[in-house]
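Peer 1: Residue numbers (the numbering used here): 3 to 306. The beta-carbon is built from N, C-alpha and C at its ideal position, and this holds for glycine as well. Below you'll find the structure I mean.
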């Protein structure tokens, strides 16, 4: 397997190659049913591959049996003076993407909720809104000034950096990591000045829960986290309160757990600054951006 060969050349530290490959396969899985199934219960890589192959074979056999049975019924009921029936169309279903599925009421996606637009009746791979927005070049919004409002409200939306597993497998340089005690447990964090919230993935949370013997529990949250430049919110499983300690500095924070895999827990710019893990040179800090500069920052390549 090519992923295993690539993973064998990488140093994952606390992450094994199998865990990384499992996360990559699950996060990119097109079958929504299997995607949810693998998130609900931890399985080995071989088990995941075996289940996926069996599902693929079963779907293929089902198509053949269904097509053959319809052909037999049509042949038995056909009258001699009727012309030969035309070959069944092979157009893809615009709800689920499968071929030769009839009638529409039997479509497996008719009762599903789209992971992209959250509407009922189709899969994300056939979402019209997703296809339409894919061709639109997005211009990032201009930075907004601080209004003094509480930025910890669960109804606010934030941008958070997205870590692509493919990039992690090909990563040549190790990221900068910080030892930060989290609820009296030592955790390796990766500072990320591009995010506004402290973020873990499911694997980080499970490992931490084992260390604390189940003392930490997730609570539901309505917060929306977005990948940089993305329009679809990341799947936020929940959050929990934590106390971060680095030296003599302590910070109370809320850690958000998502299904988006990342190599290490991501420490927000605000937490890193409060713990004095990062510091900016005041001499070079920009206090205000002029209007001409804003236009240049939001200009697309086509405009230049």
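Residue 177 to residue 37, Cα distance in whole Å?
Peer 2: Distance between the alpha carbons of residue 177 and residue 37: 29 Å.
Peer 1: So what does DSSP say about residue 167, is it helix, strand or coil?
Peer 2: Only weak support is given to the placement of residue 167: the predicted model assigns it a pLDDT of 36, under 50, and the value that follows is read from those uncertain coordinates. Helix, per DSSP.
Peer 1: Name the two residues that bound the continuous alpha helix (DSSP H) containing residue 209.
Peer 2: Taken as a continuous stretch (DSSP letters only), the alpha helix (DSSP H) holding residue 209 covers 204 to 213.
Peer 1: Got a sec? Which residues, its chain only, sit under 6 Å from residue 126 by beta carbon, not counting five neighbours each side?
Peer 2: Around residue 126: 116, 117 and 118.
Peer 1: Answer yes or no: does any C-beta atom of chain B fall closer than 8 Å to that of residue 27?
Peer 2: Chain labels in this structure do not include chain B; a single protein chain is all it has.
Peer 1: Taking the alpha-carbon of residue 133 as reference, which of 233, 282 and 249 has the nearest alpha-carbon?
Peer 2: Minimum Cα distance to residue 133 is reached at 233.
Peer 1: Nearest CA to the CA of residue 271: which residue from 264, 282, 263 and 265?
Peer 2: Selected option, being the one with the closest Cα: 282.
Peer 1: Once DSSP output is grouped into helix, strand and coil, what is the label at residue 147?
Peer 2: Residue confidence for residue 147 is low, a pLDDT of 40 falling below 50, so the modelled location carries little weight and cannot support an answer.
Peer 1: Is the separation between the beta-carbon of residue 201 and that of residue 191 shorter than 8 Å?
Peer 2: No. Outside cutoff.
Peer 1: Go ahead and pull the three-state DSSP assignment for residue 262.
Peer 2: Coil, per DSSP.
Peer 1: According to DSSP, is residue 218 part of a helix, a strand, or is it coil?
Peer 2: In the structure shown, residue 218 sits in coil (DSSP, three-state: anything other than H, G, I, E or B).
Peer 1: Where does residue 35 sit, in a helix, a strand or coil, going by DSSP?
Peer 2: The answer is helix: DSSP assigns residue 35 an H, G or I state.
Peer 1: Just mark residue 246 as buried or exposed, buried being the case when its beta carbon has 16 or more other beta carbons within 10 Å.
Peer 2: When all chains shown are included, residue 246 counts as buried.
Peer 1: Keeping to the same chain, check which residues put their C-beta closer than 8 Å to that of residue 187; ignore five residues upstream and five downstream.
Peer 2: For residue 187, where only same-chain residues beyond five positions count, the Cβ hits under 8 Å are 210, 213 and 214.
Peer 1: Among all the DSSP beta bridges, which residues are the ones paired with residue 256?
Peer 2: Its beta-bridge partners are 243.
Peer 1: Can you tell me whether residue 60 is helix, strand or coil according to DSSP?
Peer 2: DSSP places residue 60 in helix when its eight states are reduced to three.
Peer 1: With distances taken between CB atoms, is the gap from residue 255 to residue 240 smaller than 8 Å?
Peer 2: Result no, Cβ atoms of residue 255 and residue 240 do not sit closer than 8 Å.
Peer 1: Which residue's Cα is closest to the Cα of residue 250: 277, 63, 235 and 242?
Peer 2: Comparing Cα positions, the closest option is 277.
Peer 1: By a C-beta neighbour count over all protein chains shown, 10 Å radius and 16 as the cutoff for buried, is residue 62 buried or exposed?
Peer 2: Per the 10 Å Cβ criterion, exposed.
Peer 1: Roughly how many angstroms separate the alpha carbons of residue 266 and residue 288, rounded to a whole number?
Peer 2: Straight-line Cα distance between these residues: approximately 30 Å.
Peer 1: Nearest to residue 236 by CA position, among 248, 252 and 263, is which residue?
Peer 2: Checking every option, the nearest Cα to that of residue 236 belongs to 263.
Peer 1: When we look at the beta-carbon of residue 207 and count the other beta-carbons within 10 Å, is it buried (16 or more) or exposed?
Peer 2: Buried.
Peer 1: What does DSSP give as the partner residue(s) for residue 286 in the beta ladder?
Peer 2: Beta-bridge pairing links residue 286 to no other residue.
Peer 1: Spatial neighbours of residue 129 within its chain, please: C-beta separation below 7 Å, excluding the five flanking residues on both sides.
Peer 2: Excluding positions up to five away in sequence, the list reads 116, 118 and 119.
Peer 1: If you drop the 5 nearest sequence neighbours on each side, which residues of the same chain put their C-beta closer than 8 Å to that of residue 67?
Peer 2: The answer is none, since no qualifying residue turns up.
Peer 1: Is DSSP giving residue 183 helix, strand or coil here?
Peer 2: Strand, per DSSP.
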